[in-house]
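Each residue of the sequence shown is one higher than the last, beginning at 10 in the working numbering. Idealized CB from N, CA, C, for every residue including glycine. Working notes, structure below.
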Amino acid sequence: MAGWVALLWVLEAVDAVSGHALDTFGVSPRQVSELRDVVPAAFVHFGFGHLAANSVPLLVLGFLAAASGLRRFVAVVVLIVVVGGLGVWLTAPAYSTTGGASGVVFGLFGYLLVRGFVDRRAGDVAVGVAVAAVYGSLLWGVLPTDAGVSWQGHLFGLLGGVAAAFAFRRPRGGRDTITVADARRS
């Protein structure tokens, strides 16, 4: 996670030095050509303050989610990025551009909240309860309260995380060797 967050900081430094050239990789809604930016949008930020706000929760929630297996974690993040990005593409206001890892943060939050209940594992339920206690106020971010913040990215990221908890649940009694193909069969 430290490497991922470091990469985000390097990308933002490149963006700042280049006159914000990377900001073009944000998602502009309902333009077919912008579908290619659904994934890279999760890696670009609109300033260091934006990135700083995402860094600590991404580190903490990402570490907690990755602790149960790297392959599962990558699959979870991919699903969150795609669901969050497509949700933004479909619902964001016209002429807006959305980017940043906050959709991933909200997705990991949702994933960790429900993973224990889906997997029926007491340790994961405890992690979910702890995450709710520390980061529960994130839920306000899915409401359209600030015109400059993409509540759509937050909401669809959260929904992507909840979907990931179901799509990539652990097999009963098994260890974490789940693959995307396994998730589709279950």
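- DSSP, reduced to helix, strand and coil, places T100 within a helical segment of the structure shown.
- Only residues of its own chain outside the window of five on either side were considered, and among them F115, W160, H163, L164, L167 have a CB closer than 8 angstroms to the CB of V151, listed in chain order.
- Nearest to G112 by C-alpha distance, out of I89, L122, D133, is I89.
- Judged by their CB atoms, Y120 and V85 are nearer to each other than the 8 angstroms cut-off.
- In the three-state reduction of the DSSP assignment, T106 falls in the coil class.
- In this structure the stretch 36 to 46 lies against the stretch 100 to 110, because at least three pairs of beta carbons, one per stretch, are closer than 8 angstroms.
- Straight-line spacing of the CA atoms in L31 and A131 works out to 42 angstroms.
- G109 places its beta carbon less than 8 angstroms from that of F55.
- For E43, there is no enclosing alpha helix (DSSP H), as DSSP gives it neither H nor E.
- Check the Cα spacing between F118 and each of G96, L68, L95, V91: the tightest is with L68.
- Contact annotation: A174 and V140 have beta-carbon atoms that are not nearer than 8 angstroms.
- Under the three-state reduction of DSSP, V53 is assigned to coil, being neither helix nor strand.
- Taking 8 angstroms as the cut-off, the Cβ atoms of G145 and V134 do not count as close.
- If you look at D24, you'll find it in the alpha helix (DSSP H) that goes 11 to 26.
- It is roughly 18 angstroms from the alpha-carbon of A11 to the alpha-carbon of V87.
- In the structure shown, the three-state DSSP call for V158 is coil.
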